[in-house]
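Numbering of the sequence shown is given in the working numbering, commencing with residue 274 and proceeding in unit increments. Glycine included, C-beta positions come from ideal geometry on N, C-alpha and C. What follows is a set of notes on a single structure, which appears directly below.
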Amino acid sequence: MAIVNFENKKMNLTKLISFGFSKDGAAYSYVTPIVNDQFQLRVSISKDDQIETHVIDQTTNEEYVLHLAAKASGEFVGQVAAEYRQVLAEIKNDCYDDDVFKSSQAITIIKYVNKIYENQLEFLWEKFPKNAIWRRNDTHKWYGALLTVKKSKLGIDSEEEVTVLDMRGNVTEIEKIVDGQNYFPGYHMNKKNWYTIILDDSVANNEIFERLQDSYALAK
């Protein structure tokens, strides 16, 4: 009943401590009252991102668990579940970073863009949580998109899911480089102005950095 999804999220220790967590042995703990002080919510997060929660009745000092039952109903249990979810959602939003793109090349490129262009990935689509874009701060135009797709969507005979990078290019350059092996027509973009690379090290990082610079300029 009271579920908050932490998938594709990674704990940020600095943010965790700023939120109010404190070191507790091998984990970090946070305690807050809920439901008009009738209960105490205790949250413990281990260094390997394992989350443990306990809702304790302040009067009996016993653990309350009905908010976790799928078939539990009633106004009171609903209130407990809602406040439980709210606290966990705040922890997720304030203490965790996005951890969607896990390939080494994707991580390298994300760090590069953060450093050179000072842009963070924007996750714009709730229905597509594994897709994100970069846009310029001045024009707000996109110059890159990290997308999770099946290779078959690129014309490859495989259902393997991969991370791809979409970038802008001029028509002449795109016509020259698109080969169906290392460079593909822009996935989900105008194929005259965008092209796609699979981030599997088939294209060297330095070449991608140069092409990102061109894409950034074209978004002016």
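Taking the alpha-carbon positions, what's the F292 to A300 distance?
15 Å
Kindly indicate which three-state DSSP category E325 falls into: helix, strand or coil?
Here E325 carries a strand assignment [DSSP, helix/strand/coil].
What does DSSP give as the partner residues of L438 in its beta bridges?
L419, I470
Take L286 as the anchor and find which of Q393, D322, N478, E356 has the nearest alpha-carbon.
D322
Going by DSSP, which residues form a beta bridge with Y390?
Looking at the DSSP assignment, Y390 forms no beta bridge with any residue, so it has no partner.
Kindly indicate which residue of A490, E434, V304, D371 has the alpha-carbon position closest to the one of R315.
Nearest of A490, E434, V304, D371 to R315, Cα basis: V304.
Where Q313 falls: helix, strand or coil (DSSP)
strand
Leaving out five residues before and five after I471 in sequence, what residues of the same chain have Cβ atoms less than 7 Å from its Cβ?
V435, V437
Pick from A477, V308, S376, N278 that is closest to V350, judged by C-alpha positions
V308
When we look at the beta-carbon of W398 and count the other beta-carbons within 10 Å, is it buried (16 or more) or exposed?
exposed
So, using beta-carbon positions, are L420 and D439 closer together than 8 Å?
For the pair L420 and D439, the CB atoms are nearer than the 8 Å cut-off.
Let me check understanding here. Comparing Cα to Cα, which of S317, V422, K296, Y369 lies closest to E280?
The option with the nearest alpha carbon to E280 is Y369.
Tell me whether the beta-carbon of D367 lies closer than 8 Å to the beta-carbon of K288.
yes
Please report the Cβ distance between S488 and G442, rounded to the nearest whole angstrom; I am assuming they are in contact, meaning their Cβ atoms lie under 8 Å.
About 7 Å separates the Cβ atoms of S488 and G442, confirming a contact at the 8 Å cut-off.
Same chain only: Cβ atoms within 6 Å of K328, ignoring 5 sequence neighbours per side
Note that residue 328 corresponds to Val in the displayed sequence, not to Lys. Hits under 6 Å: F312, L314, Y337.
List the residues that DSSP assigns as beta-bridge partners of S295.
S302
On the CB-based measure, 16 or more other CB atoms within 10 Å of its CB, does Q454 come out buried or exposed?
The residue in question, Q454, is exposed, as its Cβ has fewer than 16 Cβ neighbours within 10 Å.
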